[in-house]
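Under the working numbering, think of the first position of the sequence shown as 35, with each following residue one higher.
Positions of the beta carbon are idealized from the N, C-alpha and C atoms, including for glycine.
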Amino acid sequence: MNRFFSNADLRKLIIPLIIDQFLQAFVGLADSIMVASVGEAAVSGVSLIDTVMVLIINIFYSTGYRRSRYRRTVHRQKES
Numbered sequence: 035m036n037r038f039f040s041n042a043d044l045r046k047l048i049i050p051l052i053i054d055q056f057l058q059a060f061v062g063l064a065d066s067i068m069v070a071s072v073g074e075a076a077v078s079g080v081s082l083i084d085t086v087m088v089l090i091i092n093i094f095y096s097t098g099y100r101r102s103r104y105r106r107t108v109h110r111q112k113e114s
């Protein structure tokens, strides 16, 4: 089987990803707490925008992952 990443590479990547997901959740919680005194509409707006921002960040992650796989494949083909 032809693997792009070894298990060691995946372990190196998973720790920063877990930390990033925790920080995204924490920032969303902190935003909601900051605007909680303003009212329900403000909390709803912040939660909605936080969800959209997480979606955009994940799209950028996946785009970068595809580019890295493409570059790795092209690099391996040139070496062969």
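The three-state reading of DSSP puts V86 in helix, counting H, G and I together. Close CB contacts of V69 within its chain, under the 7 Å cut and outside five residues either way in sequence, are with A76, V77 and V80 (chain order). In the structure shown, the three-state DSSP call for S102 is helix. By the Cβ test, the stretch 40-47 is not in contact with the stretch 57-72, since fewer than three Cβ pairs between them sit closer than 8 Å.
If you look at G62, you'll find it in the alpha helix (DSSP H) that goes N41 to V69.
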